[in-house]
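Please read the structure below before turning to the comments.
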Amino acid sequence: MISFQVNDMTCGHCVGTITSALKAVDAAADLRFDLAAQRVDIESGRANAAELGQAIQQAGYSPIQIASAIEAEHPRRAAAGSGCCCR
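Below you can see the structure in the form of structure tokens.
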């Protein structure tokens, strides 16, 4: 799963615009939006994070890739489990 924080995604119209942009890259992608958290989770078998992020950016938004869905939901647990202090 590839996840992006999209802080300028504020309404249903934004979700529709981003959906169209992502589906143009991978029509079969499974998209999950959390508008309240301004986040989109993408399951894609065809596109990588760079391609998906670029599609969101070209649609007029500012995506920030989230390292993993676990880290986004539980940042302390993800950091503790990773054994890395460099985040």
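So the sequence shown is numbered by our numbering: it starts at 4 and just counts up by one.
Built from N, CA and C at the ideal position, the CB exists for glycine as well.
| Item | Value |
| --- | --- |
| Hey, would you say Q8 sits closer than 7 Å to I45, going by beta carbons? | no |
| Mind checking G56: buried by the 16 CB within 10 Å criterion, or exposed? | buried |
| How many whole angstroms separate the CB atoms of T20 and A58, which I take to be in contact at a CB cut-off of 8 Å? | Wrong, their Cβ atoms sit about 11 Å apart, outside the cutoff. |
| Output yes or no for whether 7 Å exceeds the beta carbon distance between A50 and V28. | yes |
| Would you mind reading off the limits of the alpha helix (DSSP H) that contains Q60? | A52 to Q61 |
| Which residues in the same chain have their Cβ closer than 6 Å to the Cβ of A40, if we skip the five residues on either side of it in sequence? | none |
| Output needed for L34: all residues of its chain with C-beta closer than 7 Å, excluding positions within five of it in sequence on either side, in chain order. | T22, L25, V43 and I45 |
| In the DSSP assignment, the alpha helix (DSSP H) including S6 goes from what residue to what residue? | Note, S6: premise wrong, no alpha helix (DSSP H); beta strand (DSSP E) at I5 to V9. |
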